[in-house]
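Asker:
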Amino acid sequence: MKLAIMGAMPEEIEPLLEFFGKYETVNYANNNYYVVNHKGNEIVIAYSKIGKVNSTIIACTMIQKFGCEKLLFSGVAGAVSPDLKVGDLVVATKLAQHDLDISAFGHPYGFVPEGSVYEEADAKLIEIAKDVASEKNIDLKDGIIVTGDQFVCDSERKNWIAKTFDASALEMEGASVAVTCNALNIPFFILRAISDAADMDASFSFDEFLETSAKISADFVIAMVEKIIND
Ligand code: 4EH
Numbered sequence: 030m031k032l033a034i035m036g037a038m039p040e041e042i043e044p045l046l047e048f049f050g051k052y053e054t055v056n057y058a059n060n061n062y063y064v065v066n067h068k069g070n071e072i073v074i075a076y077s078k079i080g081k082v083n084s085t086i087i088a089c090t091m092i093q094k095f096g097c098e099k100l101l102f103s104g105v106a107g108a109v110s111p112d113l114k115v116g117d118l119v120v121a122t123k124l125a126q127h128d129l130d131i132s133a134f135g136h137p138y139g140f141v142p143e144g145s146v147y148e149e150a151d152a153k154l155i156e157i158a159k160d161v162a163s164e165k166n167i168d169l170k171d172g173i174i175v176t177g178d179q180f181v182c183d184s185e186r187k188n189w190i191a192k193t194f195d196a197s198a199l200e201m202e203g204a205s206v207a208v209t210c211n212a213l214n215i216p217f218f219i220l221r222a223i224s225d226a227a228d229m230d231a232s233f234s235f236d237e238f239l240e241t242s243a244k245i246s247a248d249f250v251i252a253m254v255e256k257i258i259n260d
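In the numbering used here, the protein residues as written are 30 to 260.
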């Protein structure tokens, strides 16, 4: 089995590289890919750099060049739902692009012709995550995660996103990875640990909790790997 695990920022994959220990570095298309052999399985780990375009390139490369058959994303997110606190884990049931807007032509936000507002994540991988959570007694939330090319640090924008997309959390890469994987028929899973509340304090909260929240997410993905490769 060939498995892709990606993040957007170095901090989001560092705990993974530390856990797997030994890897080969491959540079391709202006990005590093860290290839691990884990019990006869190949795991390709990379951070994409921030945003929808970068994350699309890396997801696509992991699938098309490296031959990855499943893709997991691990990282941090801003909370939209008031039920989510810093450090909480949320898995995406489906994802949308909150900054995709051709509403001038009567289309819903997040929609373009021949696309759909929401991209569904793989049900089997979500089920595996729920099994891991219950075995380890971890409170794993699920919900809609939305993506846009902006760091949201404004309650008004956050509230608009909440009501327009019924979102639980927001970030800058998940939906583009989702579009890529669904187009290529690759099961994917997007996990995020909350780093901030996407409000006026977001940048401070983000700086303070990036590392700890990124590790919470990465540790959970590591716990999922055994179950996925034995599946
Ligand atoms: O990859 C980007 C990072 C912020 S930008 C998206 N990630 C973190 C998730 C995220 C997020 N996205 C949008 C966490 N909180 C978010 C929020 N809005 N409020 C960044 C941060 N630090 C340095 C450089 N870029």
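Every residue gets a Cβ at the ideal spot worked out from N, C-alpha and C, and that includes glycine. If you're wondering where the values come from, they're calculated on a predicted model, not measured in any experiment.
1. Would the beta-carbon of L199 fall within 7 Å of that of G80?
2. Considering only heavy atoms of ligand 1, does any lie closer than 6 Å to the CB of I245?
3. Cβ of E47 within 7 Å of Cβ of V64?
4. Measuring only from the beta carbon, is A58 closer than 6 Å to any heavy atom that is part of ligand 1?
5. Taking one C-beta from the region 95 to 111 and one from the region 230 to 249 each time, how about it: are there three or more such pairs within less than 8 Å?
6. Could you spell out where the alpha helix (DSSP H) holding F95 opens and where it closes?
7. List the residues that DSSP assigns as beta-bridge partners of H136.
8. Roughly how many angstroms separate the alpha carbons of L313 and V254, rounded to a whole number?
9. Using only the heavy atoms of ligand 1, determine whether one of them is closer than 6 Å to the beta carbon of S103.
10. Under 7 Å, do D337 and T122 count as touching if we go by C-beta distance?
11. Buried or exposed for D160, going by 16 or more other Cβ atoms inside 10 Å?
12. By how many angstroms is the C-alpha of I157 removed from the C-alpha of V151?
13. Taking the alpha helix (DSSP H) that I131 falls in, what are its first and last residues?
14. Is it right to say K99 is buried, meaning 16 or more other beta carbons lie within 10 angstroms of its own, or is it exposed?
15. Hey, would you say the C-beta of I215 is under 6 Å away from at least one heavy atom of ligand 1?
16. For K275 and Y62, I'd like the C-alpha separation in whole angstroms.
17. Applying the criterion that 16 or more other CB atoms from any shown protein chain within 10 Å of the CB defines a buried residue, is Y147 buried or exposed?
18. Please state whether DSSP places D236 in a helix, a strand or coil.
19. Considering only residues of the same chain and omitting the five flanking positions on each side of F140, which have a CB-CB separation below 6 Å?
20. Which class does F249 belong to by DSSP, given the choice of helix, strand or coil?
21. Between which two residues does the alpha helix (DSSP H) carrying S184 extend?
Answerer: Let's see:
1. Counting from one through the sequence shown, the residue named residue 199 turns up at place 170. Counting from one through the sequence shown, the residue named residue 80 turns up at place 51. Contact: no.
2. Along the sequence shown, one-based indexing puts residue 245 at 216. Relative to ligand 1, even the nearest heavy atom lies 6 Å or more away from the CB of I245.
3. Residue 47 sits at position 18 when you count from the first residue of the sequence shown. Residue 64 sits at position 35 when you count from the first residue of the sequence shown. When the beta-carbon positions are compared, E47 and V64 stay at least 7 Å from each other.
4. Mapped onto the sequence shown, residue 58 falls at position 29. The closest heavy atom of ligand 1 lies 6 Å or more from the beta carbon of A58.
5. Between the region 95 to 111 and the region 230 to 249 there are three or more C-beta pairs closer than 8 Å, enough to call the two in contact.
6. To locate residue 95, count along the sequence shown from 1; it is residue 66. Counting along the chain, F95 falls outside any alpha helix (DSSP H), and DSSP gives it neither H nor E.
7. Taking the first residue of the sequence shown as position 1, residue 136 is located at position 107. The partner list for H136 (beta bridge, DSSP) is empty, contrary to what the question assumes.
8. Outside the modelled stretch of the chain, which goes from 30 to 260, sits residue 313, for which no answer is possible.
9. The residue labelled residue 103 in the question sits at position 74 within the sequence shown. Here the distance from the Cβ of S103 to the nearest heavy atom of ligand 1 is not below 6 Å.
10. Residue 337 is absent from the model: the chain starts at 30 and stops at 260.
11. Reading the sequence shown from its first residue, position 131 is the one you call residue 160. D160 should be labelled exposed.
12. Sequence index remark: in the sequence shown, residue 151 carries index 122 (1-based). Sequence index remark: in the sequence shown, residue 157 carries index 128 (1-based). The sequence shown places Asp at residue 151, rather than the Val named in the question. Going from the Cα of D151 to the Cα of I157 covers about 10 Å.
13. Start at 1 with the first residue of the sequence shown, and residue 131 comes out as number 102. Premise fails: I131 is in no alpha helix (DSSP H) and is neither H nor E.
14. For this step, residue 99 is matched to residue 70 along the sequence shown. Answer is buried; the Cβ neighbour count reaches 16.
15. Position 186 of the sequence shown holds residue 215. Flag unset: Cβ of I215 not near ligand 1.
16. Nothing in the structure corresponds to residue 275, since the chain is present only between 30 and 260.
17. Here residue 147 is taken as the residue at index 118 of the sequence shown, counted from 1. Around the Cβ of Y147, a 10 Å sphere holds 16 or more other Cβ atoms; the residue is buried.
18. Here residue 236 is taken as the residue at index 207 of the sequence shown, counted from 1. DSSP places D236 in the helix class (H, G or I) of the three-state scheme.
19. As a working mapping, residue 140 is identified with position 111 in the sequence shown. So the qualifying residues of the chain are V146.
20. Within the sequence shown, the letter at position 220 stands for residue 249. Three-state DSSP puts F249 in a helix.
21. Here residue 184 corresponds to residue number 155 of the sequence shown, with the count starting at 1. Residues S184 to F194.
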